[in-house]
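First up is the structure itself, then whatever we jot down about it.
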Amino acid sequence: MESPQSTMNAIWLEGGTAELRTNTPSPTIEPGWALVKVRLVGICGTDRQLMTGYAGFCGIPGHEFVGEVVAGSESWLGKRVVADINVGCGACAACGISAHHCEARRVLGIRRLHGALAEFLTLPETNLVAVPEEVGDAAAALAEPLAAALHVIDDAPPDATGATVFGDGALGHLVARALQSHDFQVSMVGRHAEKLRFAETHGIATTTNVHEIQREPLVVDCTGTPTGLRTALDHLSPGGTLILKSTHAPGVKCDLSGLVVDECRIVGSRCGDLQTAVEALTAGRVRVHDLTGEPRTLLQAVDVLSNASRPTELKALIDPRS
Ligand SMILES: [Zn+2]
Ligand SMILES: [Zn+2]
Numbered sequence: 040m041e042s043p044q045s046t047m048n049a050i051w052l053e054g055g056t057a058e059l060r061t062n063t064p065s066p067t068i069e070p071g072w073a074l075v076k077v078r079l080v081g082i083c084g085t086d087r088q089l090m091t092g093y094a095g096f097c098g099i100p101g102h103e104f105v106g107e108v109v110a111g112s113e114s115w116l117g118k119r120v121v122a123d124i125n126v127g128c129g130a131c132a133a134c135g136i137s138a139h140h141c142e143a144r145r146v147l148g149i150r151r152l153h154g155a156l157a158e159f160l161t162l163p164e165t166n167l168v169a170v171p172e173e174v175g176d177a178a179a180a181l182a183e184p185l186a187a188a189l190h191v192i193d194d195a196p197p198d199a200t201g202a203t204v205f206g207d208g209a210l211g212h213l214v215a216r217a218l219q220s221h222d223f224q225v226s227m228v229g230r231h232a233e234k235l236r237f238a239e240t241h242g243i244a245t246t247t248n249v250h251e252i253q254r255e256p257l258v259v260d261c262t263g264t265p266t267g268l269r270t271a272l273d274h275l276s277p278g279g280t281l282i283l284k285s286t287h288a289p290g291v292k293c294d295l296s297g298l299v300v301d302e303c304r305i306v307g308s309r310c311g312d313l314q315t316a317v318e319a320l321t322a323g324r325v326r327v328h329d330l331t332g333e334p335r336t337l338l339q340a341v342d343v344l345s346n347a348s349r350p351t352e353l354k355a356l357i358d359p360r361s
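Going by this note's numbering, the first residue of the sequence shown is number 40, and it counts up by one from there.
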């Protein structure tokens with residue numbers, strides 16, 4: 040199936056540099072896939088990691104999006120959608136459980152599949168989740184990271200009632216709110232008082248002083264830094280679980296013998312269930328409206344990705360239509 044136009048505006052990432060290209064070929068749609076006109080895209084730590092060579096990605100980045108289906112099956116046409124970003128081979132044993140762990144998977148804007156920082160993207164219709172009218176575009180653009188945040192609940196020890204979240208970026212806030220929505224007593228540790236206040240308005244205890252923090256049976260690392268990870272490890276109680284949400288550049292050094300002595304678990308945690316996230320947004324169980332600001336243009340995305348402009352909002356949004 041042909042796209043409505045042959046070329047489009049898109050951000051192209053190659054060799055650590057991102058640039059706006061006005062003549063990128065529009066996606067061609069495979070059978071069973073939909074063409075989505077992108078409305079908003081969120082930028083996250085993973086996108087910035089791609090700039091430094093993470094996953095060896097070359098192409099159009101962007102994986103947190105909301106858009107509108109403009110070509111595909113009748114039942115999807117015109118629907119506002121978010122999506123699971125993992126596309127498995129569909130034939131292997133892993134795909135029998137979840138495409139998230141298919142070794143041959145493609146991942147939107149991260150691994151062998153062009154992403155959302157463009158006018159159009161394409162994904163299998165089976166990956167799409169419709170967004171109800173009551174969830175606005177800005178909130179819907181956070182559905183993908185919120186799904187990842189809610190996935191923490193799946194790995195929490197069954198008897199844990201308290202949790203400490205390290206890292207005061209958007210993901211840290213989403214994880215703290217996800218845990219709070221499941222009745223955890225949550226504390227957040229970060230280095231920026233101005234970012235932590237977004238948690239305080241949600242009734243989440245915060246501190247910039249790690250010495251104030253008790254050890255907890257559930258600790259989540261959303262810092263994105265080796266120092267943050269080591270601090271998070273130091274605050275885990277014996278028998279506790281550390282959930283890693285940050286993808287770190289290779290070569291993180293830390294002393295793991297404490298984990299052996301205390302018999303702790305480390306759990307890596309990546310993508311979650313988009314339907315669960317959309318339901319949480321629709322029901323107002325997790326509120327995200329304060330994390331985003333005015334959307335920027337596709338050209339401005341270049342500066343956000345390269346950290347040339349540091350947005351004051353926690354989650355920078357890009358509108359590829361502008
Ligand atoms: Zn992300
Ligand atoms: Zn597979």
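Virtual Cβ for every residue (Gly too), placed ideally from N, Cα, C. Note that this is a predicted model, so its numbers are computed, not measured.
Just to check, is the beta-carbon of C134 closer than 6 Å to a non-hydrogen atom of ligand 2? yes
Pull up the distance between the alpha-carbon of L79 and that of R119, whole angstroms please. Rounded to whole angstroms, the gap between the alpha carbons of L79 and R119 is 11 Å.
For review: beta carbons within less than 6 Å of any heavy atom in ligand 1: Checking every Cβ against the heavy atoms of ligand 1 under 6 Å gives C83, T85, H102, E103, P184.
Does ligand 2 have even one heavy atom less than 6 Å from the beta-carbon of C310? no
Taking 6 Å as the cut-off, does the CB of G71 come closer than this to any heavy atom belonging to ligand 2? no
Taking only the alpha-carbon atoms, compute the straight-line gap between A138 and N248 and give it to the nearest angstrom. Straight-line spacing of the CA atoms in A138 and N248 works out to 40 Å.
I'd like the span of the beta strand (DSSP E) that includes K76, first residue to last. 72-81
Taking a contact to mean a Cβ-Cβ separation below 7 Å, would you say A188 touches V204 in this structure? Against a cut-off of 7 Å, the Cβ pair of V204 and A188 comes out as no contact.
Looking at G127 and ligand 2, is the gap between the Cβ and the nearest heavy atom below 6 Å? yes
Sort V168, Q224, R150 by Cα distance to T85 and report the nearest one. Checking every option, the nearest Cα to that of T85 belongs to R150.
Applying the criterion that 16 or more other CB atoms from any shown protein chain within 10 Å of the CB defines a buried residue, is A271 buried or exposed? buried
Consider the C-beta atom of C141 and the heavy atoms of ligand 2; say whether any pair is separated by less than 6 Å. yes
Which of the three DSSP states, helix, strand or coil, is assigned to L116? coil
Same chain, Cβ closer than 7 Å to E53, five either side skipped, listed in chain order: C97
Return the CA-CA distance between A73 and P100, expressed in angstroms with no decimal places. 18 Å
Beta bridge counterpart(s) of K354 as assigned by DSSP: T331
What's the C-alpha gap between Q314 and D294? Roughly 38 Å between the two C-alpha positions.
Count the C-beta pairs between the region 164-177 and the region 220-236 that are closer than 8 Å, then say yes if the count reaches three, no if not. The region 164-177 is not in contact with the region 220-236.
Does DSSP classify E233 as helix, strand or coil? helix
Measuring alpha carbon to alpha carbon, tell me which of H212, V225, Q253, L257 ends up nearest P197. Of all alpha-carbon atoms in H212, V225, Q253, L257, the one lying nearest the alpha-carbon of P197 is that of L257.
Contact between the region 267-287 and the region 297-316 is defined here as three or more beta-carbon pairs at a separation below 8 Å; is this criterion met? In short, these stretches touch, since the Cβ pair count reaches three.
N248 by DSSP, collapsed to three states: which one? coil
Span separating the alpha-carbon of P163 from that of V126: 8 Å
Enumerated in chain order, which unbroken segments of the alpha helix (DSSP H) with a length of 4 residues or greater are wholly contained in the region 163-240? 176-179, 182-189, 191-194, 209-220, 232-239
Measure the alpha-carbon distance for L218 versus G323 and round it to whole angstroms. Rounded to whole angstroms, the gap between the alpha carbons of L218 and G323 is 14 Å.
Helix, strand or coil for A143, going by three-state DSSP, please let me know. coil
Assign L272 to one of three DSSP states: helix, strand, or coil. helix
If you measure between the beta carbons of T161 and P66, is that distance less than 7 Å? yes
Please confirm whether H102 and G135 have their CB atoms less than 7 Å apart. no
In the DSSP output, what is V121 paired with across the bridge? V168
Cβ shell of A133 (< 6 Å), same chain only, five flanking positions each side left out: H140, C141
Whether I252 touches H221 by CB criterion (7 Å): no
Do you know offhand how far G297's Cα is from D342's? 41 Å
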